[in-house]
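One structure below.
2 protein chains.
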Amino acid sequence: MFAKSAGTPPPGPQSTVTDQAYRKLRTAILGGDLAPDTKLRIEHVKRELGTGASAVREALLRLSGEGLVQMQERRGFFVSPITLEDLWDLTEMRVDLETKALRMAIEVGDDTWEAGIVAAFHRLSLLDDQLKSPPLTFEWEERHSAFHQALVAACRSNWLMRFRRILFDQSERYRRLSLSQQSVERGVPAEHLGIMNATISREADAACAQLKAHILRTAEIVAEAIASER
Amino acid sequence: MFAKSAGTPPPGPQSTVTDQAYRKLRTAILGGDLAPDTKLRIEHVKRELGTGASAVREALLRLSGEGLVQMQERRGFFVSPITLEDLWDLTEMRVDLETKALRMAIEVGDDTWEAGIVAAFHRLSLLDDQLKSPPLTFEWEERHSAFHQALVAACRSNWLMRFRRILFDQSERYRRLSLSQQSVERGVPAEHLGIMNATISREADAACAQLKAHILRTAEIVAEAIASER
DNA sequence: GTCAACATTTTTATCGAGAAAACCCCCTTT
DNA sequence: AAAGGGGGTTTTCTCGATAAAAATGTTGAC
Chain A
311 MFAKSAGTPP PGPQSTVTDQ AYRKLRTAIL GGDLAPDTKL RIEHVKRELG
361 TGASAVREAL LRLSGEGLVQ MQERRGFFVS PITLEDLWDL TEMRVDLETK
411 ALRMAIEVGD DTWEAGIVAA FHRLSLLDDQ LKSPPLTFEW EERHSAFHQA
461 LVAACRSNWL MRFRRILFDQ SERYRRLSLS QQSVERGVPA EHLGIMNATI
511 SREADAACAQ LKAHILRTAE IVAEAIASER
Chain B
311 MFAKSAGTPP PGPQSTVTDQ AYRKLRTAIL GGDLAPDTKL RIEHVKRELG
361 TGASAVREAL LRLSGEGLVQ MQERRGFFVS PITLEDLWDL TEMRVDLETK
411 ALRMAIEVGD DTWEAGIVAA FHRLSLLDDQ LKSPPLTFEW EERHSAFHQA
461 LVAACRSNWL MRFRRILFDQ SERYRRLSLS QQSVERGVPA EHLGIMNATI
511 SREADAACAQ LKAHILRTAE IVAEAIASER
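First to last, the sequence lines map onto chains A and B.
So for the first sequence, my numbering puts the first residue at 311; every next one is plus one.
So for the second sequence, my numbering puts the first residue at 311; every next one is plus one.
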């Protein structure tokens with residue numbers, strides 16, 4: 311049932327049942343197959359995933375650590391709601407952290423880091439066509455995420471990277487929920503290219519400004535979509 | 311066994327077993343009763359806490375979401391290590407978030423917020439004597455935490471507050487591990503007073519500067535303690 | 001028609017046991 | 001001496017069952 315969208319990442323070599331449950335649920339939530347506010351009854355999810363109760367609980371617990379799921383003591387779990395207010399809070403925080411991470415990466419990044427960005431960009435651009443005919447595949451989402459990750463990969467701060475990832479995922483959920491169908495003509499590939507070029511030529515201010523604009527532009531479109539839905 | 315230090319917060323009205331386990335473990339880790347790198351064997355913790363395996367696992371899972379515990383797939387849980395590198399990473403990030411939150415609070419805080427700060431400060435200052443004769447009680451730790459919380463309580467950003475809390479806890483662990491015994495003469499009460507005054511008179515720059523100095527000063531002392539230990 | 005008390009059903013939280021993986025020690029081989 | 005391979009032990013992970021709590025439905029009084 312939640313396997314409607316493009317698919318779930320391949321399970322690692324010897325991943326645990328809990329971990330698979332976690333990933334499936336995460337994918338389902340990020341992909342919008344599990345709508346916000348959906349009640350996640352243990353019994354139901356359990357059957358859906360073909361696992362035991364503990365595995366489900368543990369997966370849900372992990373997700374609530376990332377804010378994708380919320381838990382209410384003794385009354386279960388549900389998919390985190392989405393609101394305009396949260397979207398802006400999240401976006402603002404994310405701009406802050408992403409640019410901070412990018413600055414650090416630009417300062418200390420080496421050749422390998424640069425090469426990683428170029429490679430990730432190339433892999434993403436191979437799928438640019440999809441932007442004209444949504445919905446985007448799981449593959450595109452993966453590569454898009456990997457590109458943004460590559461930009462900041464040289465950042466040495468573990469805490470910054472940890473929080474960045476959480477917010478990135480959150481943003482992804484908003485984007486996919488609101489924009490899964492329509493193709494917005496705004497030259498996303500060009501934006502990515504611009505960010506990459508500024509980054510690799512180590513123009514921190516320019517790179518951050520473009521990245522910020524990139525994030526805000528998306529948020530604005532998402533916000534409109536949310537506003538018009540109600 | 312982990313109940314060596316000052317105590318565990320009173321359990322809420324009808325808290326779950328898992329939640330109690332979580333709080334006990336959290337207190338034990340923050341208080342240093344569970345040393346960094348300690349292996350947390352389910353069987354052992356289970357017996358220690360008098361609960362079942364699932365409750366322990368869930369508690370540990372939650373703690374690893376906050377970074378107080380680390381999990382390795384199929385090889386269990388252990389108390390997160392502490393390192394100088396992590397201390398500085400954490401501190402830098404924390405200064406960033408705390409000052410950002412404080413600025414927001416100063417901008418939008420109302421009378422209730424101000425009153426909360428004054429009250430929290432007062433409650434803390436009643437226990438100032440303890441600074442001269444460590445170790446600090448659980449009560450002091452509680453009130454100290456509450457004071458810092460009160461400063462930023464008016465901040466509207468949920469994400470910021472969430473991350474702030476995580477980093478605050480982390481810092482607490484470092485501080486208590488390193489400084490549990492010695493009384494450092496540095497006028498902590500005066501620092502708190504200064505921060506409060508600047509905050510309430512809405513001098514954002516001054517307040518943030520003092521808060522930053524307060525955090526960094528502690529970090530430096532902790533760093534020295536860590537460095538000299540090895 | 002509204003509300004409260006009680007009975008029934010659904011759902012969560014928790015436990016203990018068992019399968020599977022990792023660990024450890026000792027022995028053999030090169 | 002180092003590397004590799006069993007075999008037994010420990011520990012994690014996962015399940016299904018059960019107790020406890022919440023939600024829901026029903027009845028009866030006012």
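The beta carbon of each residue, even a glycine, is placed where N, CA and C say it ideally should be.
Inset, instruction - Kindly list the residues whose CB is nearer than 7 angstroms to the CB of H458 of chain B, restricted to its own chain and excluding five residues on each side of it in sequence; keep chain order. - result: Taking the first residue of the second sequence as position 1, residue 458 of chain B is located at position 148. Excluding residues within five positions, the ones whose Cβ falls inside 7 angstroms are F478.
Inset, instruction - To the nearest angstrom, report how far apart A363 of chain B and R351 of chain B are at their CA atoms. - result: Taking the first residue of the second sequence as position 1, residue 363 of chain B is located at position 53. Taking the first residue of the second sequence as position 1, residue 351 of chain B is located at position 41. Rounded to the nearest angstrom, the two C-alpha atoms are 10 angstroms apart.
Inset, instruction - Report yes or no: is there a C-beta of chain A within less than 8 angstroms of the C-beta of R384 of chain B? - result: In the second sequence, the residue the question calls residue 384 of chain B occupies position 74. It does; some Cβ of chain A falls within 8 angstroms.
Inset, instruction - Quick one: residues in its chain with C-beta nearer than 6 angstroms to the C-beta of I510 of chain B, no 5 flanking neighbours on either side, listed in chain order? - result: Position 200 of the second sequence holds residue 510 of chain B. Contacts found: E424.
Inset, instruction - With Q459 of chain A as the anchor, note down where its alpha helix (DSSP H) starts and where it stops. - result: Against the first sequence, residue 459 of chain A aligns to sequence position 149. Per DSSP, Q459 of chain A belongs to the alpha helix (DSSP H) from F448 to V462.
Legend entry - Listed by chain order, chain A residues near F473 of chain B by CB distance under 7 angstroms: By 1-based counting over the second sequence, the position of residue 473 of chain B is 163. By Cβ distance, chain A contributes F473.
Inset, instruction - Quick one: which residues of the region 438-449 of chain A get their C-beta closer than 9 angstroms to a C-beta of chain B? List them in chain order. - result: none
Inset, instruction - Using a cut-off of 9 angstroms between C-beta atoms, extract the partners of G375 of chain B located in chain A. - result: Taking the first residue of the second sequence as 1, we reach residue 375 of chain B at position 65. Correct list: L371, R372, S374, G375 and E376.
Legend entry - is_contact[S364 of chain A, chain B] using C-beta, thresh 8 angstroms: Locating residue 364 of chain A in the first sequence gives position 54, where the first residue counts as 1. Taking Cβ atoms only, chain B reaches closer than 8 angstroms to S364 of chain A, which makes this a yes.
Legend entry - Close-in-space but distant-in-sequence residues of the same chain around F542 of chain A (CB under 6 angstroms, 5 per side omitted): Only positions 311 to 540 of chain A appear in this structure, which leaves residue 542 of chain A out of reach.
Legend entry - Coarse secondary structure for L470 of chain A, derived from DSSP in three states: As a first step, residue 470 of chain A is located in the first sequence; it is residue number 160 there, counting from the start. It is helical.
Inset, instruction - With distances taken Cα to Cα, identify the nearest neighbour of N468 of chain B among A:E353, A:H354, A:R485 and A:E402. - result: In the second sequence, residue 468 of chain B corresponds to position 158, counting from 1. Out of A:E353, A:H354, A:R485 and A:E402, A:E402 has the C-alpha closest to the C-alpha of N468 of chain B.
Inset, instruction - Tell me, please, whether the CB atom of D347 of chain B is closer than 8 angstroms to any CB atom in chain A? - result: One-based indexing of the second sequence puts residue 347 of chain B at position 37. No - not a single Cβ of chain A is within 8 angstroms of the one on D347 of chain B.
Legend entry - Meets three-Cβ-pair contact criterion under 8 angstroms: the region 409-420 of chain B and the region 517-530 of chain B: yes
Legend entry - Own chain residues within Cβ distance below 6 angstroms of G322 of chain A, not counting five before or after: The residue you call residue 322 of chain A lines up with position 12 of the first sequence. Caution is warranted here: a pLDDT of 43 is assigned to G322 of chain A, below 50, making its placement in the model unreliable, and no coordinate value can be reported.
Inset, instruction - Starting from G426 of chain A, follow the beta strand (DSSP E) in both directions and report where the run begins and ends. - result: Here residue 426 of chain A is taken as the residue at index 116 of the first sequence, counted from 1. Element bounds for G426 of chain A: not the beta strand (DSSP E) but the alpha helix (DSSP H), D421 to S435.
Inset, instruction - Going by DSSP, name the residue or residues bridged to Q382 of chain B. - result: For this step, residue 382 of chain B is matched to residue 72 along the second sequence. B:G386.
Inset, instruction - Would you please state the rounded distance, in angstroms, between the beta carbons of L340 of chain A and E539 of chain A? I believe it to be under 8 angstroms. - result: Taking the first residue of the first sequence as 1, we reach residue 340 of chain A at position 30. Taking the first residue of the first sequence as 1, we reach residue 539 of chain A at position 229. 19 angstroms between Cβ atoms; not a contact.
Inset, instruction - Determine, using beta carbons only, whether M403 of chain A comes closer than 8 angstroms to chain B. - result: By one-based count along the first sequence, residue 403 of chain A stands at place 93. Yes, M403 of chain A lies at the interface with chain B (some Cβ there is under 8 angstroms from its Cβ).
Inset, instruction - Take the Cβ of R496 of chain B as the centre, count every other Cβ of all protein chains shown within 10 Å, and call the residue buried at 16 or more, exposed below. - result: For the purposes of this step, residue 496 of chain B is taken as the residue at position 186 of the second sequence. Classification of R496 of chain B: exposed, given that the 10 Å Cβ count is below 16.
Legend entry - Helix, strand or coil at L350 of chain A according to DSSP, with G and I counted as helix: For the purposes of this step, residue 350 of chain A is taken as the residue at position 40 of the first sequence. L350 of chain A: strand per DSSP, three-state reduction.
Inset, instruction - Report back the beta-carbon spacing between R485 of chain B and T422 of chain B to the nearest angstrom; my notes put them in contact at under 8 angstroms. - result: As a working note, residue 485 of chain B is residue 175 in the second sequence. As a working note, residue 422 of chain B is residue 112 in the second sequence. With 8 angstroms as the limit, R485 of chain B and T422 of chain B do not qualify as a contact, their Cβ atoms being about 29 angstroms apart.
Inset, instruction - Using the Cα positions of E534 of chain B and H524 of chain B, report the straight-line distance between them to the nearest angstrom. - result: Within the second sequence, numbered from 1, the residue matching residue 534 of chain B stands at position 224. Within the second sequence, numbered from 1, the residue matching residue 524 of chain B stands at position 214. Their backbone Cα atoms lie some 16 angstroms apart in a straight line.
Inset, instruction - Take A316 of chain B and list the residues in its own chain whose beta-carbon comes closer than 6 angstroms to its own, dropping the five residues that flank it on each side. - result: In the second sequence, the residue the question calls residue 316 of chain B occupies position 6. Interpretation of A316 of chain B is limited by its pLDDT of 46, a score under 50 that renders its predicted location unreliable; the figure taken from the coordinates is listed afterwards. Within the same chain, A316 of chain B has close Cβ partners T447 and F448.
Legend entry - Beta-carbon proximity list for L470 of chain B, same chain, < 8 angstroms, skipping 5 on both sides: Taking the first residue of the second sequence as 1, we reach residue 470 of chain B at position 160. Excluding residues within five positions, the ones whose Cβ falls inside 8 angstroms are L407, K410, A411 and M414.
Legend entry - Pairwise C-alpha distance: W450 of chain B and P319 of chain A: As a first step, residue 319 of chain A is located in the first sequence; it is residue number 9 there, counting from the start. As a first step, residue 450 of chain B is located in the second sequence; it is residue number 140 there, counting from the start. In this prediction, P319 of chain A has a pLDDT of 43, which is less than 50 and means its spatial position is unreliable; nothing more can be read from the coordinates.
Legend entry - Endpoints, the alpha helix (DSSP H) within which G375 of chain A is located: Here residue 375 of chain A refers to the residue found at position 65 of the first sequence. G375 of chain A -> alpha helix (DSSP H) spans A363 to G375.
Legend entry - the region 459-484 of chain A: positions lying closer than 9 angstroms to chain B by Cβ: R466, S467, N468, W469, L470, R472, F473, I476, L477 and Q480
Inset, instruction - Measuring only between beta-carbons, confirm whether T337 of chain A sits less than 8 angstroms from chain B. - result: Along the first sequence, one-based indexing puts residue 337 of chain A at 27. Not closer than 8 angstroms to any Cβ of chain B, the Cβ of T337 of chain A fails to qualify, so no.
Legend entry - V418 of chain A classed as buried or exposed, judged by whether at least 16 other C-beta atoms fall within 10 angstroms: The count along the first sequence starts at 1 and reaches residue 418 of chain A at position 108. Exposed, because fewer than 16 other Cβ atoms sit within 10 Å of the Cβ of V418 of chain A.
Inset, instruction - Report yes if the C-beta distance between H454 of chain A and L441 of chain A is below 8 angstroms; otherwise report no. - result: Position 144 of the first sequence, counting from 1, holds the residue named residue 454 of chain A. Position 131 of the first sequence, counting from 1, holds the residue named residue 441 of chain A. Not in contact: H454 of chain A and L441 of chain A (Cβ atoms no closer than 8 angstroms).
Inset, instruction - With a threshold of 16 other CB atoms inside 10 Å of the CB of L359 of chain B, please say whether the residue is buried or exposed. - result: Taking the first residue of the second sequence as position 1, residue 359 of chain B is located at position 49. Per the 10 Å Cβ criterion, buried.
Inset, instruction - Could you pull the start and end residues of the alpha helix (DSSP H) that Q440 of chain B belongs to? - result: Within the second sequence, residue 440 of chain B is the residue found at index 130, counting from 1. Q440 of chain B -> no alpha helix (DSSP H), and no H or E assigned at all.
Inset, instruction - Answer yes or no: do V405 of chain B and T348 of chain B have a C-beta to C-beta separation smaller than 8 angstroms? - result: Taking the second sequence and counting its residues from 1, the one referred to as residue 405 of chain B is at position 95. Taking the second sequence and counting its residues from 1, the one referred to as residue 348 of chain B is at position 38. Taking 8 angstroms as the Cβ cut-off, V405 of chain B and T348 of chain B do not qualify as a contacting pair.
Inset, instruction - Using three-state DSSP, classify D343 of chain A as helix, strand or coil. - result: The count along the first sequence starts at 1 and reaches residue 343 of chain A at position 33. Of the three classes helix, strand and coil, the one that applies to D343 of chain A here is coil, per DSSP.
Legend entry - Spatially closest choice to T361 of chain A from A:Y332, A:S374 and A:T337, by CA coordinates: Taking the first residue of the first sequence as position 1, residue 361 of chain A is located at position 51. Minimum Cα distance to T361 of chain A is reached at A:Y332.
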